[in-house]
Amino acid sequence: MAPQAKPGGGNRLERNDRLVRLALLVVAFSAVSVLLVITVFIVGQGTPIMFRYGLKSFLAGSAWYPSEKLFGLWPMIVGSLAVTAGALVIGVPLGLSCAIVLTEFSSKRVRGLIKPIVELLAGIPSVVYGFMGVIILVPFIRETFGGPGLSVLAASVILGIMILPTIISISVDSLQAVPPSYREGSIALGATRWQTVKMVLFPAARSGIIASIILGMGRAVGETMATIMVAGNAAEVPGSLLAPVRTLTSNIALEMSYATGEHREALFATGVVLFVIIMVLNTIANATSAKRRKQP
Amino acid sequence: MTRRRCPWLLLALGVAVFSGCRIGRSQDELTLAGSTSIQPFADRWAEIFMEKRPGMGVDVQGGGSSAGIQACVSGACQIGMSSRDLKGDEKQLYEIVVARDGLAIIVHPSNPVRALAVAAVKQIFAGDLLSWGLLGGEARPITVVTREEGSGTRGAFQELVMGKTRIYSGAITQDSNGTVREIVAHDPAAIGFISLGLVNDQVRAVDLDGAAATEENIRNGSYKLVRPFLFISRGEPTGLAKEFIDFVLSAEGQALVKEEGLLPIK
Numbered sequence: 000m001a002p003q004a005k006p007g008g009g010n011r012l013e014r015n016d017r018l019v020r021l022a023l024l025v026v027a028f029s030a031v032s033v034l035l036v037i038t039v040f041i042v043g044q045g046t047p048i049m050f051r052y053g054l055k056s057f058l059a060g061s062a063w064y065p066s067e068k069l070f071g072l073w074p075m076i077v078g079s080l081a082v083t084a085g086a087l088v089i090g091v092p093l094g095l096s097c098a099i100v101l102t103e104f105s106s107k108r109v110r111g112l113i114k115p116i117v118e119l120l121a122g123i124p125s126v127v128y129g130f131m132g133v134i135i136l137v138p139f140i141r142e143t144f145g146g147p148g149l150s151v152l153a154a155s156v157i158l159g160i161m162i163l164p165t166i167i168s169i170s171v172d173s174l175q176a177v178p179p180s181y182r183e184g185s186i187a188l189g190a191t192r193w194q195t196v197k198m199v200l201f202p203a204a205r206s207g208i209i210a211s212i213i214l215g216m217g218r219a220v221g222e223t224m225a226t227i228m229v230a231g232n233a234a235e236v237p238g239s240l241l242a243p244v245r246t247l248t249s250n251i252a253l254e255m256s257y258a259t260g261e262h263r264e265a266l267f268a269t270g271v272v273l274f275v276i277i278m279v280l281n282t283i284a285n286a287t288s289a290k291r292r293k294q295p
Numbered sequence: 000m001t002r003r004r005c006p007w008l009l010l011a012l013g014v015a016v017f018s019g020c021r022i023g024r025s026q027d028e029l030t031l032a033g034s035t036s037i038q039p040f041a042d043r044w045a046e047i048f049m050e051k052r053p054g055m056g057v058d059v060q061g062g063g064s065s066a067g068i069q070a071c072v073s074g075a076c077q078i079g080m081s082s083r084d085l086k087g088d089e090k091q092l093y094e095i096v097v098a099r100d101g102l103a104i105i106v107h108p109s110n111p112v113r114a115l116a117v118a119a120v121k122q123i124f125a126g127d128l129l130s131w132g133l134l135g136g137e138a139r140p141i142t143v144v145t146r147e148e149g150s151g152t153r154g155a156f157q158e159l160v161m162g163k164t165r166i167y168s169g170a171i172t173q174d175s176n177g178t179v180r181e182i183v184a185h186d187p188a189a190i191g192f193i194s195l196g197l198v199n200d201q202v203r204a205v206d207l208d209g210a211a212a213t214e215e216n217i218r219n220g221s222y223k224l225v226r227p228f229l230f231i232s233r234g235e236p237t238g239l240a241k242e243f244i245d246f247v248l249s250a251e252g253q254a255l256v257k258e259e260g261l262l263p264i265k
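So the protein lines, in turn, are chains A and B.
In case it helps, numbering that gives the first Met the number 0 puts the first sequence at residues 0 to 295.
In case it helps, numbering that gives the first Met the number 0 puts the second sequence at residues 0 to 265.
If you want it as structure tokens, here you go:
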């Protein structure tokens, strides 16, 4: 299908051009349509049961006993939000500091060495993070702070580490994209390096940094394997950082293998709730970054 | 990974059904599906059976007891495997006990509590008994470890120990016998339940109502936590299905049961 350039073949070239454009359009739309199919499927499978039992009992009910037809997702909703918030509390300060050090306070050689390593971190499968969590972190928490060790805290730490590469690499890119004249101007005005970072670079790179946090948050909300391994998966609203917790994703993966009938539908409904939460989080985050971009 | 199992099962069942159509339900294909607790044993039986009868294909699928019973009713497999008793409409199916499995209540080897009443186990899993101190152990909170909803082992525990009482929602939940054992092996305050055949020296099975979790005590009825491993079919099995079941019930088939830590039927 490669267009062949022949002198005087204008019509043919034009036709080839149109063909290629059409082919690319089809490919592009097939990617979008996969998303559409997934959405339609999950919503189609998951929503009927939500309305059969009432949206309120589904979202606000705190008892998850599928064998007794009790499908309260509240503990898992709280669980997902708690673990994600915990991951951000740990991952954002660490990730941003690392990004600042890499762009502003280190030589090109150090940066060239560390950045690929950080990006490599993103390629480690989540089951490996989970395994490390179970072997090292969980016993540490159990012996130091008490409780079963499998906890909100363990999940937050593991997820916090897992979102680091996302936050670091995107923040570094956006800090590096700030025009050199900003930096030079600030230094020329007598600002220190840190003042430059705080008052010039950060505001200028804000949208990229927020984007990095959104993407990190998305990974934390969606992570399943590592969470199942270290969170303990109790279907109850956690009373403390040391209590076990079940997230929406864990709920689906944990029970999927044996679920039949309404239990299975309820797991699809869990997927619908997850879908909505992710969309709401993304919308809020996008809106804040857009608003900030408008006011200089 | 367990979460992958379902699509594969569906695919496999689909393939099984279609291949059945293609060769016109020939007599040399046998499909089993159901309880993942029975699956590893059924795999071994199938392996030995196929060695003895070359040319015969025996296909073993997981999916869980309920899925196995459904597959059996729909005809997607000739033999369903269930690790729980049949209930309601299911009772019309032909069932035969091929082995039995004890359920062990396990704790950390360092735990001084070596015996429990079944009533106490029930209270612990209901979340009403919270400290080992009340049971003669160190005064520390009990870490309760359970299986996920839908699991056959959980179903058996619910039926044999809990009755109508719920397992409390604050319990740590894991999706396999292996991970339950792993957690109990590393947490001195943990308690969980697994198949008796899977107890190893990393954990200790406690005595229940004065009876140690041994084969002998199960046989004489003093150890109460036992579940049947059932083979199920629509009507009396015939042909290859009958041959396979006969093999499983034979001395050779039952020797394997014993070897793998289950309890033979006789």
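C-beta atoms are modelled at their ideal positions from N, C-alpha and C, and glycine is treated no differently.
Owing to the predicted nature of the structure, the values given are computational and were not obtained by experimental measurement.
Just the Cα atoms here: how many angstroms apart are residue i and residue j?
i                      : j                      : result
residue 45 of chain B  : residue 245 of chain A : 38 Å
residue 95 of chain A  : residue 271 of chain A : 32 Å
residue 155 of chain A : residue 201 of chain B : 29 Å
residue 104 of chain B : residue 124 of chain B : 11 Å
residue 174 of chain A : residue 120 of chain A : 20 Å
residue 162 of chain A : residue 215 of chain A : 5 Å
residue 72 of chain B  : residue 286 of chain A : 53 Å
residue 22 of chain B  : residue 186 of chain B : In this prediction, residue 22 of chain B scores a pLDDT of 42, lower than 50, which makes its location untrustworthy; no coordinate-derived value is stated.
residue 284 of chain A : residue 210 of chain A : 8 Å
residue 66 of chain B  : residue 257 of chain A : 7 Å
residue 149 of chain B : residue 251 of chain A : 12 Å
residue 30 of chain A  : residue 127 of chain A : 30 Å
residue 297 of chain A : residue 212 of chain A : Residue 297 of chain A lies beyond the stretch modelled for chain A, which goes from 0 to 295, so this question has no answer here.
residue 140 of chain A : residue 239 of chain A : 13 Å
residue 229 of chain B : residue 243 of chain B : 14 Å
residue 32 of chain B  : residue 61 of chain B  : 5 Å
residue 97 of chain A  : residue 140 of chain B : 40 Å
residue 88 of chain B  : residue 219 of chain B : 31 Å
residue 122 of chain B : residue 234 of chain B : 41 Å
residue 82 of chain A  : residue 171 of chain A : 25 Å
residue 28 of chain A  : residue 35 of chain A  : 10 Å
In the DSSP output, which residue or residues are listed as bridge partners for residue i?
i                      : result
residue 142 of chain B : B/189
residue 94 of chain B  : B/231
residue 207 of chain B : B/115 and B/210
residue 69 of chain A  : A/64
residue 32 of chain B  : B/60 and B/79
residue 102 of chain B : B/194
residue 262 of chain B : B/99
residue 42 of chain A  : None, per the DSSP bridge assignment.
Please classify residue i: is it buried, with 16 or more other beta-carbons within 10 angstroms of its beta-carbon, or exposed?
i                      : result
residue 63 of chain A  : buried
residue 267 of chain A : buried
residue 25 of chain A  : exposed
residue 137 of chain A : buried
residue 27 of chain B  : exposed
residue 194 of chain A : exposed
residue 164 of chain A : buried
residue 202 of chain A : exposed
residue 152 of chain B : buried
residue 261 of chain B : buried
residue 100 of chain B : buried
residue 77 of chain B  : buried
residue 192 of chain B : buried
residue 123 of chain A : exposed
residue 88 of chain A  : exposed
residue 174 of chain B : buried
residue 37 of chain A  : exposed
residue 243 of chain A : buried
residue 278 of chain A : exposed
residue 232 of chain B : buried
residue 248 of chain A : buried
residue 135 of chain A : exposed
residue 144 of chain B : buried
Exercise for review: Mind listing, in chain order, the continuous beta strand (DSSP E) runs of no fewer than 3 residues lying wholly within the region 40-91 of chain B?
Suggested key: Counting only runs of 3 or more, we get 56-62 and 78-81.
Practice item. Tell me the start and end of each unbroken beta strand (DSSP E) in the region 133-169 of chain A that is at least 3 residues and wholly inside, in chain order. Key: none
**Study point:** Entirely enclosed beta strand (DSSP E) segments - the region 194-233 of chain A, minimum 3 residues
**Key:** none
Point to revise | Every unbroken alpha helix (DSSP H) within the region 93-122 of chain A, with a cutoff of 4 residues, ordered by chain | key: 107-120
Check your understanding: Looking at chain B, which residues of the region 50-74 of chain A have a Cβ within less than 9 Å of any of its Cβ atoms?
Key -> 61, 62, 63, 64, 65, 66, 67 and 74
**Study point:** Chain-ordered residues of the region 136-151 of chain A with a beta carbon less than 9 Å from chain B
**Key:** Within the region 136-151 of chain A, 137, 138, 141, 145, 146, 147, 148 and 149 place their CB atoms closer than 9 Å to a CB of chain B, listed in sequence order.
Point to revise | Residues in the region 135-158 of chain B having any Cβ partner in chain A nearer than 7 Å | key: If the cut-off is 7 Å between Cβ atoms, the region 135-158 of chain B has 142, 147, 148, 149 and 150 near chain A.
**Study point:** chain A contacts from the region 55-87 of chain B (Cβ-Cβ distance under 9 Å)
**Key:** 61, 62, 63, 64, 65, 66 and 69
Review point. Listed from N- to C-terminal order along the chain, which residues in the region 158-169 of chain B have their beta-carbon within a distance smaller than 7 Å of any beta-carbon of chain A?
Key: Answer in chain order: 165, 168 and 169.
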